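Q: Per our numbering, residue -8 is the first one in the sequence shown, and the count goes up by one each step.
Ideal placement from N, C-alpha and C gives every residue a C-beta, glycine not left out.
Bear in mind the structure is a predicted one, so any value in this text is a computation, not a measurement.
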Amino acid sequence: MFRYKHVLLATDLTEHWEHVAECAHDLACKYNAPLSIVHIIDNLPVTESLYGPIIPLEIDLTTHSLASAQNKIFAIAQTLKIDKQRIWIKSGTPRLEIIRIAKENDIDLIVVGSHGRHGFSLLLGSTANSVLHYTVCDVLAVRIH
Ligand code: AMP
């Protein structure tokens, strides 16, 4: 019988993460597969303003974001009973890092939300779309309304 052997939950910590995490967790349990979690701190956080996108240049983004991301991800991992060695918090471009981590760790199912920060106007968010196109393993895009 076919079964997934290693499930990766990619979370951007937006408001719907719990629903996506629940789906990943249920699937991992169903297949008796380990569940891992990845969160990528975007290299360049861009905020919208009245005048268009603004890229803040003079704050230590990585240190600040890392500490806050770590707290949240560790709390999620504890709830989902994910071991520390199966948590990845990296900085970079989310789609590239998710694909790289999946490849390097023999992930056979990546679970993402259909939308996150980058994709509400699209059928599928840009990260979800890239992961779906460029990874070799299966991808579950959990519908976020
Ligand atoms: P997006 O393409 O930004 O609309 O996001 C779609 C989905 O991709 C999200 O629901 C997450 O599952 C995943 N994702 C997006 N950004 C990240 C990130 N920085 N780290 C991990 N997963 C992400």
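Less than 6 Å between C-beta atoms, sequence neighbours within five positions excluded: which residues of the same chain meet that for L131?
A: On the sequence shown, residue 131 is found 140 positions in, with the first residue counted as 1. Contacts found: V102.
Q: Taking Cβ positions, are I28 and A58 nearer each other than 7 Å?
A: Against the sequence shown, residue 28 aligns to sequence position 37. Against the sequence shown, residue 58 aligns to sequence position 67. No, the pair does not count as a contact, with Cβ atoms beyond the cut-off.
Q: Would you tell me roughly how many angstroms separate the C-alpha atoms of E88 and S117, rounded to the nearest one?
A: The count along the sequence shown starts at 1 and reaches residue 88 at position 97. The count along the sequence shown starts at 1 and reaches residue 117 at position 126. For E88 and S117, the distance between alpha carbons rounds to 14 Å.
Q: Do you know offhand how far K75's Cα is from I64's?
A: On the sequence shown, position 84 is the one that residue 75 refers to. On the sequence shown, position 73 is the one that residue 64 refers to. Going from the Cα of K75 to the Cα of I64 covers about 10 Å.
Q: Determine contact between the segment 79 to 93 and the segment 12 to 30, defined as no fewer than three beta-carbon pairs at a distance below 8 Å.
A: They touch, by the three-pair rule.
Q: Within the present structure, is the beta-carbon of V103 separated from the nearest heavy atom of ligand 1 by less than 6 Å?
A: Stepping through the sequence shown from its first residue, residue 103 is reached at position 112. Result yes, Cβ under 6 Å from ligand 1.
Q: Is it the case that the CB of H30 approaches a heavy atom of ligand 1 more closely than 6 Å?
A: Counting from 1 along the sequence shown, the entry for residue 30 is found at position 39. Yes, the Cβ of H30 comes within 6 Å of a heavy atom of ligand 1.
Q: Measuring alpha carbon to alpha carbon, tell me which of A60, T126 and N23 ends up nearest K94.
A: In the sequence shown, residue 94 corresponds to position 103, counting from 1. Measuring from the Cα of K94, the nearest candidate turns out to be T126.
Q: Can you tell me where the beta strand (DSSP E) with L100 in it begins and where it stops?
A: Walking along the sequence shown from the start, residue 100 turns up at place 109. First-last of the beta strand (DSSP E) with L100: L100 to G104.
Q: Starting from V138, trace the alpha helix (DSSP H) both ways and give me its first and last residue.
A: The requested residue 138 is not part of the displayed model; the chain covers only -8 to 136.
Q: For the putative contact between C14 and V133, defined by C-beta atoms under 8 Å, what is the C-beta separation to the nearest angstrom?
A: Working through the sequence shown from its first residue, we reach residue 14 at position 23. Working through the sequence shown from its first residue, we reach residue 133 at position 142. With a Cβ gap of about 5 Å, C14 and V133 count as contacting.
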